[in-house]
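Each residue of the sequence shown is one higher than the one before, starting from 104 at the first, in my numbering.
Built from N, CA and C at the ideal position, the CB exists for glycine as well.
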Amino acid sequence: MKNHLLIFILSLNMSFQACGLNLAGASVYFDKEELSKAMIELSSQEQAMLDDAVLSTFTCEFDALEELYQLIGGKLKEVLIYLRSNSRIDDTQYRLLLRTVRSFEVSKKEKQLSPFNPIVKNFKKKSFVNFQNALQKGVCFNTIAINLFKELGEKRPIKFLKKAYHQNLIDKRTYWMLKRLVQEDYHLEPQTLAEYLKVQNFLTKQFPDRINIQKTDYISGRAEKSKVSRREALLAKYNQFQIIYLRGMTQRLLNRLNADEVIINVIIDDESVEEIILDPMEQYRFAAKMVRKELGDLQMMNLFEGIDVGFEDILAAAFETGLVSGEDLSTLALVDDVWNPELTKAEKRKRFIRRYGTIFVAAIPTTFYLVKVLSLVGIEMLTETKQEPPRDHSIF
Numbered sequence: 104m105k106n107h108l109l110i111f112i113l114s115l116n117m118s119f120q121a122c123g124l125n126l127a128g129a130s131v132y133f134d135k136e137e138l139s140k141a142m143i144e145l146s147s148q149e150q151a152m153l154d155d156a157v158l159s160t161f162t163c164e165f166d167a168l169e170e171l172y173q174l175i176g177g178k179l180k181e182v183l184i185y186l187r188s189n190s191r192i193d194d195t196q197y198r199l200l201l202r203t204v205r206s207f208e209v210s211k212k213e214k215q216l217s218p219f220n221p222i223v224k225n226f227k228k229k230s231f232v233n234f235q236n237a238l239q240k241g242v243c244f245n246t247i248a249i250n251l252f253k254e255l256g257e258k259r260p261i262k263f264l265k266k267a268y269h270q271n272l273i274d275k276r277t278y279w280m281l282k283r284l285v286q287e288d289y290h291l292e293p294q295t296l297a298e299y300l301k302v303q304n305f306l307t308k309q310f311p312d313r314i315n316i317q318k319t320d321y322i323s324g325r326a327e328k329s330k331v332s333r334r335e336a337l338l339a340k341y342n343q344f345q346i347i348y349l350r351g352m353t354q355r356l357l358n359r360l361n362a363d364e365v366i367i368n369v370i371i372d373d374e375s376v377e378e379i380i381l382d383p384m385e386q387y388r389f390a391a392k393m394v395r396k397e398l399g400d401l402q403m404m405n406l407f408e409g410i411d412v413g414f415e416d417i418l419a420a421a422f423e424t425g426l427v428s429g430e431d432l433s434t435l436a437l438v439d440d441v442w443n444p445e446l447t448k449a450e451k452r453k454r455f456i457r458r459y460g461t462i463f464v465a466a467i468p469t470t471f472y473l474v475k476v477l478s479l480v481g482i483e484m485l486t487e488t489k490q491e492p493p494r495d496h497s498i499f
């Protein structure tokens with residue numbers, strides 16, 4: 104048994120290094136009180152067994168939970184909280200696994216109640232036939248379940264599951280396993296664990312340096328008007344190719360901010376007749392306005408058709424691909440916080456103080472060329488003037 108556990112833990116570590124998951128900071132799914140309860144539930148011996156366990160070796164939620172079940176036994180929720188709090192898994196893995204726990208637990212029970220036979224219109228028998236065929240082939244239960252839910256196209260497909268049971272298309276155990284997934288909103292997930300890890304592996308191959316980026320609470324904090332973190336919102340909203348494109352936008356922003364000079368050339372008949380050199384504050388505003396222009400341009404691209412791209416998405420993509428560190432993200436966020444035409448001066452000032460307080464200068468990495476510029480921005484934000492200052496002297 105000990106040899107089996109040792110092999111299991113070693114294989115987990117090797118797979119984790121190969122996948123190179125980009126873990127964020129503190130979780131949005133549980134607080135310190137819940138973490139304390141989980142720590143009490145797990146013995147020191149169980150915690151020691153979990154310390155080296157990383158779930159990135161598994162591409163199937165049920166397989167991952169089965170290994171943890173064999174390793175620890177029950178208390179799967181507490182196990183997941185422990186693993187997440189120690190950055191052994193990230194929020195996406197935690198969410199997908201947690202939403203599978205009840206389904207997994209019911210699969211271990213010997214007896215289940217029979218559901219009543221509902222009246223269902225437009226019952227899709229073929230979808231359940233496809234489900235059973237895939238199940239017999241040994242495909243991951245979560246994968247075929249999510250495919251079934253998509254084919255059914257129902258927000259709450261439980262009545263279809265009941266009808267399938269009474270038509271002998273699924274057995275009682277499978278009915279309850281599927282029902283528990285629906286009750287945990289797994290059917291609303293944009294991707295399975297296998298699909299998530301596939302994207303992570305692709306990004307790591309493209310950007311190997313991402314595995315060295317330090318975790319940050321900024322990226323794991325809740326996205327604006329959302330229940331999920333900025334990183335989760337990014338990974339649920341965009342595919343790997345869209346993420347790479349958004350990374351390029353941040354790269355151009357950094358180039359403009361870090362440029363020694365930004366010069367506008369007036370050219371007539373292939374000859375430069377005038378050079379306009381932007382001062383540091385103009386250079387900053389030029390960079391900010393270009394980002395907003397590019398955000399507008401995305402709406403015209405087929406790659407982002409029907410997607411509302413926000414500035415925080417761009418920052419999250421830059422972090423996810425290893426372009427910027429967590430320390431730099433807060434600084435880059437100033438570009439949108441300060442130079443956002445949709446906000447009044449008072450709103451900008453309130454948001455700026457709430458997020459950065461008096462540390463806006465100290466938090467700016469010394470590698471940035473525009474340390475003085477962003478200091479000026481902070482000073483401007485902390486003034487009592489209700490209206491934006493006149494900029495007749497400036498072209499931006």
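| Asked | Found |
| --- | --- |
| Using 10 angstroms around the beta-carbon of methionine 352, count the other beta-carbons present and answer buried if the total reaches 16, otherwise exposed. | buried |
| Give me the Cα-Cα distance between leucine 337 and phenylalanine 344, rounded to the nearest whole angstrom. | 12 Å |
| Using only CA atoms, which one of Ile379, Pro260, Tyr321 lies nearest to proline 221? | Pro260 |
| What residue range does the alpha helix (DSSP H) around glutamate 378 cover? | Run containing glutamate 378: none in the alpha helix (DSSP H); it sits in the beta strand (DSSP E), 374 to 380. |
| Let me check understanding here. Comparing Cα to Cα, which of Ile380, Ile314, Glu335 lies closest to arginine 325? | Glu335 |
| Can you name, in chain order, every residue of its own chain whose Cβ lies under 8 Å from the Cβ of leucine 238, other than the five neighbours on each side? | Phe244, Ile247, Thr277 |
| Quick one: Cα of leucine 401 to Cα of phenylalanine 389, how far? | 18 Å |
| Taking the alpha-carbon of alanine 385 as reference, which of Ile367, Lys180, Val376, Glu397 has the nearest alpha-carbon? | It is glutamate, not alanine, that sits at residue 385 in the sequence shown. If we check each option's Cα against that of glutamate 385, Ile367 comes out closest. |
| Please return the same chain residues whose Cβ sits closer than 7 Å to the Cβ of serine 230, not counting the five positions on each side in sequence. | Leu251, Glu254, Leu255 |
| Leaving aside the five residues before and after histidine 269 along the sequence, list all residues of the same chain whose C-beta is less than 6 Å from its C-beta, in chain order. | Asn220 |
| Return the CA-CA distance between valine 204 and asparagine 236, expressed in angstroms with no decimal places. | 24 Å |
| Determine, using beta carbons only, whether leucine 418 and valine 394 come nearer to each other than 8 Å. | no |
| Unbroken beta strand (DSSP E) runs of length 3 or more, entirely within the segment 384 to 421: which are they? | none |
| Does the segment 192 to 200 come close enough to the segment 293 to 305 to have 3 or more Cβ pairs within less than 8 Å? | yes |
| Under three-state DSSP, which class holds valine 331? | coil |
| Examine the ligand GDP and report whether any of its heavy atoms sits within less than 7 Å of the Cβ of aspartate 411. | Ligands displayed in this structure: none; no statement on the ligand GDP is therefore possible. |
| Using a threshold of 8 Å, state whether the C-beta atoms of phenylalanine 234 and lysine 266 are closer than that. | no |
| Helix, strand or coil for arginine 259 per DSSP? | coil |
| Take isoleucine 347 as the anchor and find which of Asp382, Trp279, Asp416 has the nearest alpha-carbon. | Asp416 |
| Reducing DSSP to helix, strand and coil, say where valine 232 ends up. | helix |
| For valine 369, write down the residues that DSSP places opposite it in a beta bridge. | Glu377 |
| Once the 5 residues before and after arginine 202 are set aside, which same chain residues still bring their CB inside 6 Å of it? | Glu287, Tyr289 |
| Let's see if you can read the secondary structure: which residues bound the alpha helix (DSSP H) around lysine 135? | 135 to 144 |
| Taking the CB atoms as reference points, tell me whether isoleucine 249 and glutamate 292 lie closer together than 8 Å. | yes |
| Mind checking whether glutamine 215 and lysine 135 have CB atoms under 8 Å apart? | no |
| I'd like the span of the alpha helix (DSSP H) that includes leucine 356, first residue to last. | 343 to 361 |
| Have a look at tyrosine 321 and arginine 350 and give me their C-alpha separation to the nearest angstrom. | 17 Å |
| What does DSSP give as the partner residue(s) for arginine 325 in the beta ladder? | Ser332 |
| With glutamate 164 as the anchor, note down where its alpha helix (DSSP H) starts and where it stops. | 164 to 175 |
| Is isoleucine 184 closer than 8 Å to glutamate 137 when the C-beta atoms are compared? | yes |
| Going by C-alpha to C-alpha distance, which of Val427, Tyr132, Ile370, Leu200 sits closest to tyrosine 172? | Leu200 |
| Can you tell me the Cα-Cα spacing of asparagine 315 and alanine 421, whole angstroms? | 14 Å |
| Let me make sure I understand the geometry here. Which of Pro311, Glu170, Lys180 has the alpha-carbon closest to that of glutamate 144? | Lys180 |
| Taking DSSP as the reference, what is the three-state secondary structure of asparagine 220? | coil |
| What number of angstroms, rounded off, separates the C-alpha of glycine 241 from the C-alpha of lysine 211? | 18 Å |
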